[in-house]
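Have a look at the structure below before the remarks.
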Amino acid sequence: MSIVIRPGHFHSEPHPAGKLATTLLAVTVAGMADPARFRRGKAYVADHAVTRLEVSTGTLRGSVQGSRAEPYEAIVATRLTARPHLGNAESFRTQLSQLVPDAGQLMVSCSCPDWDDPCKHAVATLLAFSEELTARPELLVEWRCHPAEEDAGGRPQVGSRAATGRHLRLAPPPPDHDPPTGDRPARQRTPPRTPSRALPPPPSPYQSPRWQAFLGALPFPDPPDLPTEPAPLGHAMLGPVDVGAWIRSAVELLTSLE
């Protein structure tokens with residue numbers, strides 16, 4: 271169920287807790303918006319540019335007349351909380367600090383090309399809604415709390431407000447208990463993993479077509495068959511050596527030098 275509001279058209283006596291609700295929500299908006307966009311959003315509200323508000327569980331929608339013919343559509347989603355037991359105005363006042371969301375519990379989106387978080391149209395939507403709380407603070411309960419006829423379990427929750435975007439993300443909370451066996455969906459079998467095969471060694475770069483074209487198709491010559499034994503090679507080059515004659519000639523040479 272949603273509640274449609276034409277801002278500024280509901281005239282009634284202020285609620286005893288209404289002014290506090292208006293102030294607390296305006297403080298939240300001022301803390302999450304930059305000063306320039308907060309001033310522009312406040313000017314939109316003063317100029318009655320917020321033409322329509324729609325309040326539903328967890329979602330606030332606003333139509334803001336901007337620079338183009340068609341109004342911009344702003345959406346503010348909030349994380350839901352348990353519905354309080356309101357007895358009188360004083361008990362309502364004491365629970366407003368828990369009912370008014372902070373910046374981390376809000377996510378905004380708008381049809382305008384301004385991707386700041388939040389844009390001036392979202393600021394105007396929140397400020398126009400905060401002014402409606404002066405006479406009807408129960409609208410805050412309808413926006414922030416679970417419906418009275420439903421419990422709080424198994425309902426999607428709005429995640430924290432991301433610093434990099436203004437898109438709404440709904441994620442269901444984990445179940446409190448396992449479903450019965452008959453209602454449990456069939457578990458999909460994971461296919462067995464095939465063992466990985468060892469990769470073959472990379473081919474030599476000299477076997478590439480470019481190298482084959484460079485080297486040509488002629489076979490390389492066989493290496494020469496060289497002797498490997500040092501002794502036969504020395505005998506073939508020097509011939510037989512008379513060690514005794516070599517020593518005598520060396521002694522005679524040294525004696526003649528004296």
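Heads up: the sequence shown is residues 271 to 528, going by our numbering.
Backbone N, C-alpha and C define an ideal beta-carbon position, used for all residues, glycine too.
Item: Could you tell me the alpha carbon to alpha carbon distance between L369 and G336, rounded to whole angstroms?; Value: 30 Å
Item: State buried or exposed for A515, treating a residue as buried only when at least 16 other CB atoms are found within 10 Å of its CB.; Value: exposed
Item: With distance defined between alpha-carbon atoms, name the residue in A520, E412, I275, E401 nearest to L356.; Value: E412
Item: Quick one, are the C-beta atoms of A287 and L366 less than 8 Å apart?; Value: yes
Item: According to DSSP, L330 sits in a beta bridge with which residue or residues?; Value: V325, V346
Item: DSSP has C380 in a bridge; who is on the other side?; Value: A344
Item: Alpha carbon to alpha carbon, how far is G332 from T298? Give it in angstroms, no decimals.; Value: 18 Å
Item: Find out if the Cβ-Cβ distance for the pair A398, P305 is shorter than 8 Å.; Value: no
Item: Compute the Euclidean distance between the alpha carbons of E408 and H279, then round it to the nearest angstrom.; Value: 17 Å
Item: Please determine, among R518, V378, T327, the residue with the shortest C-alpha to C-alpha distance to R353.; Value: T327
Item: Tell me the rounded alpha-carbon separation between H285 and A405.; Value: 5 Å
Item: Would T321 and C415 qualify as a contact pair, given that the criterion is a beta-carbon distance under 8 Å?; Value: no
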